[in-house]
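Protein chains in written order, with the working numbering: chain A, 1 to 548; chain F, 1001 to 1548. Glycine included, every Cβ here is placed at the ideal spot set by N, Cα and C. Here's the structure, in structure tokens; my notes come after.
Protein chains: 2
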Amino acid sequence: MLQPTADLPAFRALADHYAQAKEWRMRDLFARDPRRFDTFSIEAAGLLLDYSKNRIDGTTMGLLAQLLREAGVEQRRDAMFAGERINNTEQRAVLHTALRAPRGGGPVVDGQDVGAEVHAVLERVCDFAARVRSGNWVGRTGMPVTDVVNIGIGGSDLGPEMVCKALRTHAAPHLNMHFVANVDGHDLDAALTRLDPDRTLFVIASKTFTTRETMMNAQSARAWFLRHGTEADLPRHFVAVSTNADAVRAFGIDLQNMFPFWDWVGGRYSVWSAIGLPVALAVGPEGFRDFLAGAHAMDTHFRTAPLERNMPAILAALGIWYRNFFGCASVSIAPYHQDLGQFAAYLQQLEMESNGKRVRADGSPVGIATCPVVWGDVGTNGQHAYFQLLHQGTDMVPVDFIAALRPLHDLPGHHEALLANCFAQAEAFMLGKDAGEVREEMRAQMLPEDRIDALLPHRTFPGNRPSNMILMNVLGPSSLGALIALYEHKVFVQGVVWGINSFDQWGVELGKVLAKTLEAELTGTPSPEAHDASTNALIARAKAALKR
Amino acid sequence: MLQPTADLPAFRALADHYAQAKEWRMRDLFARDPRRFDTFSIEAAGLLLDYSKNRIDGTTMGLLAQLLREAGVEQRRDAMFAGERINNTEQRAVLHTALRAPRGGGPVVDGQDVGAEVHAVLERVCDFAARVRSGNWVGRTGMPVTDVVNIGIGGSDLGPEMVCKALRTHAAPHLNMHFVANVDGHDLDAALTRLDPDRTLFVIASKTFTTRETMMNAQSARAWFLRHGTEADLPRHFVAVSTNADAVRAFGIDLQNMFPFWDWVGGRYSVWSAIGLPVALAVGPEGFRDFLAGAHAMDTHFRTAPLERNMPAILAALGIWYRNFFGCASVSIAPYHQDLGQFAAYLQQLEMESNGKRVRADGSPVGIATCPVVWGDVGTNGQHAYFQLLHQGTDMVPVDFIAALRPLHDLPGHHEALLANCFAQAEAFMLGKDAGEVREEMRAQMLPEDRIDALLPHRTFPGNRPSNMILMNVLGPSSLGALIALYEHKVFVQGVVWGINSFDQWGVELGKVLAKTLEAELTGTPSPEAHDASTNALIARAKAALKR
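This is the structure in structure tokens:
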């Protein structure tokens, strides 16, 4: 059995260390050490991580690195890159890193030359994308494609959607990308009403080609198309990312246009595979290869840098510090970039589906808190919405700020205002504002003393609230690739420390099974004996409403 | 001084009660009481709240109602509706409920006939919306408007945007609505590239007409327009929701097209006011009035129903039960409706800006936890993303499910599948799946015993995780109005129990002030002595990058 994390010597040492560290004020730490930024910042793969505005000192970081080492992060990392079956409950290797390795860079697993297969599919994805982008691929009436609809859910949706939105300014303006995931018909319906079937290409993304939500949407899209075209036209308007050749063929898709991936690619790590086809369509083969190269640069850093100077390891260690010692239950993501509007949603899956678990890889209980809730929204919008709670709420919520130093538009003044807000919020969380400062300021504004007394507690900020700042030069394929890989490896490191298998997701099974039963009852005969009074009442109401 | 919440007799009684209640299993509670759904569900204003899947019994709910009563919820509620200055730190009344009261229904405050003013502005908003929708209002070249761009942030953005998206199927198909909030130029830039200036109407929404982000976007939009039209054309393409007549006129807007609101309307409660102009444009005057009427129906229920049978009070009480006794740090919102995709973001502002505070209205510390983090995403998408953590993570996160019984599309089968998933998830959270059940299932699948032993802990679900189910017949103006008002009043009740002034937001001030300084340094000369080493380093990097 794995040793419980809480029993590791470094974990115990950190618990002792925390008793003092929790009293530190970051204001004082900065005042004491003018080189604090240099000590606690790191650059890799085109990203800068400034982690100096955290409640840490050199001892903290040393103990955290020791914890990672004692938990076996280095061995597990090497095992992952080597293609060992570290996804033990599903008995699979974990090789999303091989998807972005240059030619000749992948491992051989069970006699399978992973790199060769990866690059063969990548070529096919890029060729197909190039044909569609150039107008060489045409629909049934001979017109090029103007709209692409990706139908997939979870990892087959969040990755491509987030990346296409993030790389909007790098994308072909003549191809509109749409993403339909929800089994709720309002999702597909909203997309279809805007589309011309003769100029639309559907990408059906489901490894097994049996995912309930995706196949229902795919069948409805197919029926919609067949109101205009014939079955013989289907291959020009539908392609698949899947490995289930029989089902794909039966659907009416040409197997030439089925792009496979492998069981060592988890859904939430799949945007680098053929699941990234919409990305290749949007930004082109070259852009897609840059995206892979950015991630590979972060892989190389993660694989080779010592834990003390390893960006994903540092990000992971800080998360553990706040989660397991300060007791923080959530982390907020604040991208100061409008085009990263889906990034928090993407991380929600990446982090919470990977590490939102209570048992370790060997089945023993974790015993300590694991993955926090991850949430957030783009920069200045959040300031006008929920930042009130981050500044003055009763819980401490660490924040990850993300920004690009240069804009990809030419509206004057906006980018300076944006960065000023980003840096100012990080400064404000760190500094706070004590009662003396608030009183002084209100006196300078000539407020009467009784009004000052009344307002003082409301205008005081506790401060000492930690944040990370992640900067890139511009938001582009390469920097985005590196950013995603940074978080992937952060999640991996935290999973190792907690002893979790980050690559399975048994927690989604129960709801799926129950939904199948309930759907049969909603469309057929209810079985009240199978449910509680609440579920029965809900079924009865739904049946009554749907009958009308 | 207000009595601390933790000292109220009902709070102490609840703490004792919790010691037993925390051991209850909902499975058993349902098994014991076949009438549990009837006891713990309530209908009002077209909504059904099923709260039977909570870790409560009759005693719990009785004690919680008593807590609300001891905290003075009824008196504060009556004071709010009567127009008393319950926003004490800003010395203002709180009268968003008057915005949706029928003619003759508003209070008189300081000699001001609130109802008369509300309805006068409402008439103007509706008249204007009708003219634009009918094509009677034309742009500078005589063509009707096809695109409306709302420029506002926080409450001047989230409300209209969320509502317009939610009521998409009820909206005029010939008017495209756009929302620009972020000072990040990528936001405005993305909107402008798709627009024809001659057919675009900008709504500039800022009470003071000085909000930094909004005015920067408004000026950039104006400059873009003036590359096509002249200053004389501005009044046909720009209107304002504001009270600053001088600034609005100087911008080039006709004061006939300035729609005011009042200092007793907080930003996050303002969608019912002229800030709702985009809603009126999208769904028309009648739809907008239905929206107000739905909220008013919930107001009437909230104002008149006893706390024990009062939907917002019950929702608030359950939140307090989990926050202050179970220690839950966040609440997840799961709308099983694609068109409610922005609802969680809307609630983030409503809840966290209102109650994310650590001092009470009288300035004393709250002493107990206040507003939790609110987060979430639409239904089945979340299942394939972060529901893993909700089912098997180490923290308990209560969930609010929201669904409409009938769809507004005609794709067969989708709605049954959607509702089946929604009900199944609630059932799964409550039931869980114990080791015995999991073993039995795997044996039925003929798995070998050693494989069963290895998988057993991973496939076990603790269950006993609470949720609310909120159902409406269809998602329309009236039901959406009621739904928003439900949460508004929930937030109000929680604020009263915690002793908070839910209507100020001092926590946004510090960042604003620091951003002003930093923006001056980014565009002019840095003042390193004013900042910590981290902020200085970030400024230096930004300046270097922006210079290129």
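> What does residue 336/A reach in chain F if we use C-beta pairs closer than 9 Å?
Replying inline: 1182, 1184
>> Does the CB of residue 464/A have a neighbour CB from chain F at under 8 Å?
In response: no
> If you pair each beta-carbon of the region 75-83 of chain A with each one of the region 1444-1462 of chain F, do three or more pairs fall below 8 Å?
Replying inline: no
> So what does residue 1399/F bridge to, in DSSP terms?
Replying inline: 1332/F, 1467/F
> Taking Cβ-Cβ distances shorter than 7 Å, what residues in chain F pair up with residue 330/A?
Replying inline: 1329, 1330, 1373
>> Is it buried or exposed, residue 1450/F, if we count other Cβ atoms within 10 angstroms and call 16 or more buried?
In response: exposed
>> Suppose the cutoff is 7 Å on Cβ atoms and the five residues either side in sequence are ignored; what does the same chain contact list for residue 347/A look like?
In response: 333, 374, 487
> If you measure from the CB of residue 1339/F, is any heavy atom of the ligand ATP nearer than 7 Å?
Replying inline: For the ligand ATP, the structure offers nothing, since it holds no ligand at all.
> With C-beta atoms as the reference, is residue 1507/F less than 8 Å away from residue 383/A?
Replying inline: no
>> Could you compute how far the alpha carbon of residue 1121/F sits from the alpha carbon of residue 1259/F?
In response: 7 Å
>> Given this structure, state the Cα-to-Cα distance separating residue 190/A from residue 15/A, to the nearest angstrom.
In response: 52 Å
>> Taking only three categories from DSSP, how would you classify residue 410/A?
In response: coil
>> Among the candidates 1376/F, 1441/F, 1534/F, 1395/F, whose CA atom is the shortest distance from the CA of residue 1335/F?
In response: 1376/F
> Is the CB of residue 1356/F under 8 Å away from at least one CB in chain A?
Replying inline: yes
> If you compare alpha carbons, which of 18/A, 5/A, 3/A, 4/A is closest to residue 321/A?
Replying inline: 18/A
>> On a Cα-Cα basis, can you pick out the residue from 523/A, 97/A, 472/A that is closest to residue 293/A?
In response: 97/A
> With a CB to CB cut of under 6 Å and the five nearest residues on each side skipped, what residues in its chain are close to residue 1141/F?
Replying inline: 1198
> Among the residues of its own chain, which have a CB less than 6 Å from the CB of residue 536/A, if the five just before and after it don't count?
Replying inline: 528
>> By the three-class DSSP mapping on this structure, what secondary structure does residue 404/A have?
In response: strand
>> For the region 1075-1095 of chain F, list every residue whose C-beta sits within 9 Å of some C-beta in chain A, in sequence order.
In response: 1088, 1089
> Which runs of the alpha helix (DSSP H), 4 residues or longer, sit entirely within the region 1246-1305 of chain F?
Replying inline: 1277-1304
>> Is it buried or exposed, residue 1174/F, if we count other Cβ atoms within 10 angstroms and call 16 or more buried?
In response: exposed
>> I'd like the ranges of any alpha helix (DSSP H) spanning at least 4 consecutive residues and lying wholly in the region 1154-1178 of chain F.
In response: 1155-1166
>> Our contact map puts residue 1298/F next to residue 1045/F with C-beta atoms below 8 Å; I'd like the distance itself, whole angstroms only.
In response: 4 Å
> Rounded to the nearest angstrom, how far is the Cβ of residue 401/A from that of residue 426/A, given a contact under 8 Å?
Replying inline: 6 Å
> Taking just the CA atoms, how far does residue 455/A sit from residue 1110/F?
Replying inline: 24 Å
> Going along the chain, which residues of the region 1216-1231 of chain F sit with their C-beta nearer than 7 Å to a C-beta in chain A?
Replying inline: 1216, 1220
> When you compare only the Cα positions, how much space is there between residue 354/A and residue 156/A?
Replying inline: 16 Å
>> Taking 8 Å as the threshold (beta carbon to beta carbon), is residue 1024/F in contact with chain A?
In response: no
> Excluding five sequence neighbours on each side, which residues of the same chain lie with their C-beta closer than 7 Å to the C-beta of residue 496/A?
Replying inline: 71, 72, 73, 76
> How about residue 1011/F: is its C-beta nearer than 8 Å to some C-beta of chain A?
Replying inline: no
> Taking buried to mean at least 16 other C-beta atoms within 10 Å of its own C-beta, is residue 1135/F buried or exposed?
Replying inline: exposed
>> Between residue 352/A and chain F, is any beta-carbon pair separated by less than 8 Å?
In response: yes
>> Determine whether the beta carbon atoms of residue 378/A and residue 278/A lie at a separation below 8 Å.
In response: no
>> Please identify the residue among 1176/F, 1239/F, 1200/F whose C-alpha is closest to the C-alpha of residue 1207/F.
In response: 1239/F
>> By the DSSP assignment, the alpha helix (DSSP H) with residue 520/A in it spans what residues?
In response: 509-523
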